[in-house]
Amino acid sequence: MPVDMQQDAVDLCYQGIENFKEEYEIAKYLKKEYECKYGSIWHCIVGKSFGSYISHEEDGFIFFHLHGYYVMLFKAG
Numbered sequence: 204m205p206v207d208m209q210q211d212a213v214d215l216c217y218q219g220i221e222n223f224k225e226e227y228e229i230a231k232y233l234k235k236e237y238e239c240k241y242g243s244i245w246h247c248i249v250g251k252s253f254g255s256y257i258s259h260e261e262d263g264f265i266f267f268h269l270h271g272y273y274v275m276l277f278k279a280g
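Take 204 as the starting number for the sequence shown in the working numbering and just add one per residue.
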């Protein structure tokens, strides 16, 4: 994922954490904001512990840790 898109993901996630309590609400916010800015179809998982096995489009994946949450955002479909 290009650096500018990575920074957007971190910034939007920070906003989501500040505005929502539930992990699914943070994920929903990040997904919707990313789809508005970068088109469809993005998927987002936010949590403190999870496993995954996914496929994603080229340059369409980021995984990071922010304020106690792990965030996976990826484009597929």
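Every residue, glycine too, gets a C-beta built ideally from N, C-alpha and C.
As the structure is a prediction and not an experimental result, all values here were calculated from the model.
Checklist entry - Which partner residues of Leu269 appear in the DSSP bridge assignment? => result Tyr272
Checklist entry - Taking just the CA atoms, how far does Ala230 sit from Val249? => result 6 Å
Checklist entry - Can you tell me the Cα-Cα spacing of Leu269 and Ser255, whole angstroms? => result 18 Å
Item to check | Whole-angstrom distance between Trp245 and Glu238, CA atom to CA atom | outcome: 6 Å
Checklist entry - Hey, would you say Lys235 sits closer than 9 Å to Glu260, going by beta carbons? => result no
Checklist entry - Can you give the Cα-Cα distance for Leu233 and Phe253, rounded to whole angstroms? => result 18 Å
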